[in-house]
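Sequence lines, in order, name chains A and B. When the first sequence is numbered by my numbering, its final residue is 379 and no position is left out of the sequence of numbers. When the second sequence is numbered by my numbering, its final residue is 379 and no position is left out of the sequence of numbers. Idealized CB from N, CA, C, for every residue including glycine. Keep in mind the model is a prediction, meaning the values are calculated, not measured. Below is one structure; the comments refer to it alone.
There are 2 protein chains.
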Amino acid sequence: MSWKDNLRKIEPYVPGEQSKEKDIVKLNANENPYPPSPKAIQALKDFNAESLRLYPPADATPLKKAIADYYGVGVNNVFLGNGSDDVLALAFQAFFNGDKPIAYPDITYSFYPVWCRLFGIPYKTYPLDENFRINPEDYREENGGVVLPNPNAPTSIGEDTEFIQKILDYNRDSVVIIDEAYADFGVQSAALFVDSDSYQNLLVTGTFSKSRSLAGLRIGFAIGSKALISVLEAVKNSYNSYTVDSLSIAMGIASFEDRDYFTATVDKIIATRERMTARLRELGFTVLDSSANFIFATHNDYSMKELFEYLKTEKVFIRYFNLPRIDNYIRVTVGTDEEVDIFLKETEAYIRR
Amino acid sequence: MSWKDNLRKIEPYVPGEQSKEKDIVKLNANENPYPPSPKAIQALKDFNAESLRLYPPADATPLKKAIADYYGVGVNNVFLGNGSDDVLALAFQAFFNGDKPIAYPDITYSFYPVWCRLFGIPYKTYPLDENFRINPEDYREENGGVVLPNPNAPTSIGEDTEFIQKILDYNRDSVVIIDEAYADFGVQSAALFVDSDSYQNLLVTGTFSKSRSLAGLRIGFAIGSKALISVLEAVKNSYNSYTVDSLSIAMGIASFEDRDYFTATVDKIIATRERMTARLRELGFTVLDSSANFIFATHNDYSMKELFEYLKTEKVFIRYFNLPRIDNYIRVTVGTDEEVDIFLKETEAYIRR
């Protein structure tokens, strides 16, 4: 018997590559190419740094209120965490305590199986169809919970509210989590169902890391019925009471209040995405219809793994997944027009070699 | 069968009261009365807020290096989290996976049993002796792990390195966590044992919230053998890869580099603590010898609960625990000299009524 016997044996999740090189075109982490709202930056400048000696308010109510106002829900319908990974990890612990497997797609956010293994949650994956779409009928099967990202990642495909409502109607007896990390770039938020008495089992998660340009701050949130939010709060307060720091609260509020900047940057990213998609299709790529701030593409005549490696030598960083079904696809973040032009130019150079 | 059946049933931990009133003397949360290092504040001013659009580096190596240099260990001996509660919660999950109960005192940090319940870890508490000291012989009993705060809270009592070494020598087969949230105010860090091959099972945890005046930022850390740190990293990377935000990294580095300011503020707090202790003793209080930034005191002739409530009406907030053995004690944070003078004046007014 040694202390080593009680150590957790776990295969670590390997975060995406973060190059320390300068002067790269960084289209590999789905970061926003535009800075945070000037009002958020001003909130940081105006922040009284001496007050950091004090704990943040454990409930962070003013930030909850800014989010609640935006989504048209109450403060008690909002939960905050240290990035949406924190929110999702707490939600898995809070809601998936049954014996039946939880359900999610075979191709989706790679952290779901990692949390299931960490918390000992049984799970079952349902294959996306041949067009990489989620088949809602799969989620009629009895399950211990459902997790679906909308838009899905890395496929970029978004679904409409009829689809979400179908999932909810099929799953009256399970908690349904809709992970909306990328929703602002192309789908309507399922938060509209949170007000309804019929869907007390719905949790919608969101993040400041993508559409709000605040990945460096680590803020995520969830919107759900009071019944779900109160259980999430109880689990969070059994883990770490003060997860959202004072600077994040101040900048987060300003970010949500600046709707004009938010709309303008999201619209710019969507316009660049459409231009990028059209040009790649001209070059013979198959590009899935994206509702996100990234595109997912393949080409019948070329190895996407080689393209990924070629682009890296040209200092253009994109993402390649060596995984079943998608091992000839690339995922490319929508950057600024300038960044995307460099990506397109180098991609064209590769296929014209 | 309803979705409600799979919700986690858990008694939430209730964080300490955080009054929203202004103009109070706030001596109830063991916050530092002095602002963060001017160099940390400068680091915040110099921070390029536009870069917050990018994720922080998942490994936060520059901050690990600043901490490693201070404690004389390697970067691979340092782990970072979102406050020391996050670090401890991850450590409980990483190291306490056996069937034997983990061991800690009956009077100690109130989060330990909360984590045990959350993660299903068996535990056994050992009563402090009649002087509120930890009896090291208790920790010879076979166990699944040991957690001891040094100084202990809320007793404020610190133990020397001989005591820690004894605990380590008695527990070759368990992971031993020494929780040093308050260590900078009066005990030598057990980090000095981390270098030793004999104590690969030692984890020391620390925080920026007390001696570093950065409670608002949420940074905690751990120091341990590479064997322990690598398991902690694996569990953390299975939970949330990006826990420490970019602003915390920048301010945290500056804070650790400014040793003069750190020493000066810690020394001021210790001097105030000794003056406060002496005066309370003159007033007939029993005050435990504190190695922390708070004192723990009682008086044979007065109800400490009533004193606590009286002080609140005078806008002086301290802490009272309605718990077995300590229900006639108060815990008072060491504030500025001015704050402590108000506390002493009002306390004297109470007992002279």
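Test: residue 204 of chain B CB closer than 8 Å to a CB of chain A: Locating residue 204 of chain B in the second sequence gives position 178, where the first residue counts as 1. No, its Cβ sits nowhere closer than 8 Å to a Cβ of chain A.
Buried or exposed for residue 71 of chain A, please, with buried defined as at least 16 other CB atoms from any protein chain shown within 10 angstroms of its CB. Looking up residue 71 of chain A in the first sequence gives position 45. Exposed.
Only counting runs of 4 or more residues, tell me where the alpha helix (DSSP H) segments fall wholly within the stretch 300-348 of chain B, in order along the chain. 330-339
At least one CB of chain B closer than 8 Å to the CB of residue 178 of chain A: is that the case? Counting from 1 along the first sequence, the entry for residue 178 of chain A is found at position 152. It does not; no Cβ of chain B falls within 8 Å.
CB contact below 8 Å: residue 140 of chain A versus chain B: Taking the first sequence and counting its residues from 1, one reaches residue 140 of chain A at position 114. It does: the Cβ of residue 140 of chain A has a partner Cβ on chain B nearer than 8 Å.
Identity of the residues DSSP links to residue 246 of chain A by a beta bridge: Here residue 246 of chain A refers to the residue found at position 220 when the first sequence is read from its first residue. The partner list for residue 246 of chain A (beta bridge, DSSP) reads A/107, A/233.
On the DSSP letters alone, give me the boundaries of the beta strand (DSSP E) that residue 205 of chain A sits inside. For the purposes of this step, residue 205 of chain A is taken as the residue at position 179 of the first sequence. From DSSP, the beta strand (DSSP E) with residue 205 of chain A extends over 202-205.
Under the three-state DSSP convention, the category residue 39 of chain B falls into: As a position in the second sequence, residue 39 of chain B is number 13, starting the count at 1. Residue state, collapsed to three classes: coil.
So, is the C-beta of residue 100 of chain A closer than 8 Å to a C-beta in chain B? Numbered from its first residue, the first sequence carries residue 100 of chain A at position 74. False, the Cβ-Cβ gap to chain B never drops below 8 Å.
Residue-chain proximity (residue 269 of chain B, chain A), Cβ-Cβ < 8 Å: Here residue 269 of chain B is taken as the residue at index 243 of the second sequence, counted from 1. Yes, residue 269 of chain B lies at the interface with chain A (some Cβ there is under 8 Å from its Cβ).
Can you tell me the Cα-Cα spacing of residue 169 of chain B and residue 146 of chain B, whole angstroms? Reading the second sequence from its first residue, position 143 is the one you call residue 169 of chain B. Reading the second sequence from its first residue, position 120 is the one you call residue 146 of chain B. Each residue's alpha carbon lies about 15 Å from the other.
Is the CB of residue 220 of chain B under 8 Å away from at least one CB in chain A? Counting from 1 along the second sequence, the entry for residue 220 of chain B is found at position 194. For residue 220 of chain B, the answer is no, since every Cβ of chain A falls outside 8 Å of its Cβ.
Return the chain-ordered list of same chain residues with a C-beta closer than 8 Å to the C-beta of residue 327 of chain A, the five sequence neighbours on each side being excluded. Here residue 327 of chain A refers to the residue found at position 301 of the first sequence. For residue 327 of chain A, where only same-chain residues beyond five positions count, the Cβ hits under 8 Å are 310, 377.
CB-CB under 8 Å to residue 362 of chain A, same chain, minus the five flanking residues each way: which ones, in chain order? Residue 362 of chain A sits at position 336 when you count from the first residue of the first sequence. Once the five neighbours on either side are set aside, the close Cβ partners of residue 362 of chain A are 59, 60, 298.
Using only the alpha-carbon positions, how far apart do residue 128 of chain A and residue 347 of chain A sit? By one-based count along the first sequence, residue 128 of chain A stands at place 102. By one-based count along the first sequence, residue 347 of chain A stands at place 321. C-alpha separation (whole angstroms): 24 Å.
With a threshold of 8 Å between beta-carbons, can residue 54 of chain B be considered close to chain A, or not? Counting from 1 along the second sequence, the entry for residue 54 of chain B is found at position 28. Closer than 8 Å: no.
Which residues in chain B have a C-beta closer than 9 Å to the C-beta of residue 237 of chain A? List them in chain order. Along the first sequence, read from residue 1 onward, the residue named residue 237 of chain A stands at position 211. Under the 9 Å cutoff, chain B gives no residues; its nearest Cβ is about 11 Å from residue 237 of chain A.
Would you call the CB atoms of residue 229 of chain A and residue 250 of chain A closer than 8 Å? By 1-based counting over the first sequence, the position of residue 229 of chain A is 203. By 1-based counting over the first sequence, the position of residue 250 of chain A is 224. Against a cut-off of 8 Å, the Cβ pair of residue 250 of chain A and residue 229 of chain A comes out as a contact.
Whole-angstrom distance between residue 125 of chain B and residue 316 of chain A, CA atom to CA atom: Here the question's residue 316 of chain A lines up with position 290 in the first sequence. Here the question's residue 125 of chain B lines up with position 99 in the second sequence. The alpha-carbon atoms of residue 316 of chain A and residue 125 of chain B are separated by roughly 49 Å.
Going along chain A in order, which residues have a C-beta closer than 9 Å to the C-beta of residue 305 of chain B? Taking the second sequence and counting its residues from 1, the one referred to as residue 305 of chain B is at position 279. What residue 305 of chain B touches in chain A: nothing, since even the nearest Cβ is about 24 Å away.
Report the rounded CA-to-CA distance for residue 204 of chain B versus residue 184 of chain B, giving the unit in angstroms. The residue labelled residue 204 of chain B in the question sits at position 178 within the second sequence. The residue labelled residue 184 of chain B in the question sits at position 158 within the second sequence. Cα-Cα distance, rounded: 12 Å.
Mind checking residue 88 of chain B: buried by the 16 CB within 10 Å criterion, or exposed? For this step, residue 88 of chain B is matched to residue 62 along the second sequence. Counting Cβ neighbours within 10 Å, residue 88 of chain B comes out exposed, since fewer than 16 surround it.
Name, in chain order, the residues that DSSP records as bridge partners for residue 228 of chain A. Here the question's residue 228 of chain A lines up with position 202 in the first sequence. DSSP, once it has assigned bridges, lists A/202 as partnering residue 228 of chain A.
What residue from B/355, B/200, B/111 has the CA that sits closest to residue 81 of chain A's CA? If you number the first sequence from 1, residue 81 of chain A lands on position 55. Checking every option, the nearest Cα to that of residue 81 of chain A belongs to B/111.
Would residue 178 of chain B pass as a contact of residue 139 of chain B if the rule is Cβ separation under 8 Å? Reading the second sequence from its first residue, position 152 is the one you call residue 178 of chain B. Reading the second sequence from its first residue, position 113 is the one you call residue 139 of chain B. Result no, Cβ atoms of residue 178 of chain B and residue 139 of chain B do not sit closer than 8 Å.
May I ask you to report which of helix, strand or coil DSSP gives residue 357 of chain A? One-based indexing of the first sequence puts residue 357 of chain A at position 331. Of the three classes helix, strand and coil, the one that applies to residue 357 of chain A here is strand, per DSSP.
Can you confirm whether residue 287 of chain B, when its beta carbon is compared against all beta carbons of chain A, has any partner nearer than 8 Å? Within the second sequence, numbered from 1, the residue matching residue 287 of chain B stands at position 261. By this cut-off, residue 287 of chain B is not an interface position.
So, residue 77 of chain A versus residue 107 of chain B, is the Cβ gap smaller than 8 Å? Numbered from its first residue, the first sequence carries residue 77 of chain A at position 51. Numbered from its first residue, the second sequence carries residue 107 of chain B at position 81. No, Cβ-Cβ distance for residue 77 of chain A and residue 107 of chain B is not below 8 Å.
Counting pairs of beta carbons, one from the stretch 332-349 of chain A and one from the stretch 48-59 of chain B, are three or more of them closer than 8 Å? no
Cβ-based neighbour list, residue 36 of chain B, same chain, cut-off 8 Å, excluding 5 preceding and 5 following: To locate residue 36 of chain B, count along the second sequence from 1; it is residue 10. The answer, listed in chain order, is 143, 144.
Return the CA-CA distance between residue 193 of chain A and residue 162 of chain A, expressed in angstroms with no decimal places. The residue you call residue 193 of chain A lines up with position 167 of the first sequence. The residue you call residue 162 of chain A lines up with position 136 of the first sequence. Approximately 6 Å between the Cα atoms of the pair.
The alpha helix (DSSP H) that contains residue 92 of chain B, what's its start and end? Counting from 1 along the second sequence, the entry for residue 92 of chain B is found at position 66. First-last of the alpha helix (DSSP H) with residue 92 of chain B: 87-97.
Which residues in chain A sit within 9 Å of residue 167 of chain B, going by Cβ to Cβ distance? Counting from one through the second sequence, the residue named residue 167 of chain B turns up at place 141. Simply none; closest approach about 14 Å.
What do you get for residue 222 of chain B, buried or exposed, if any count of 16 or more other CB atoms within 10 angstroms of its CB means buried? In the second sequence, the residue the question calls residue 222 of chain B occupies position 196. Answer is exposed; the Cβ neighbour count stays below 16.
Output needed in chain order: residues of the stretch 100-132 of chain A with a Cβ under 8 Å from some Cβ in chain B. 108, 109, 111, 112, 115, 119, 120, 121, 122, 123, 124
Interface positions of the stretch 71-90 of chain A facing chain B (Cβ-Cβ less than 7 Å), listed along the chain: 75, 76, 77, 78, 79, 80, 81, 82, 83, 84
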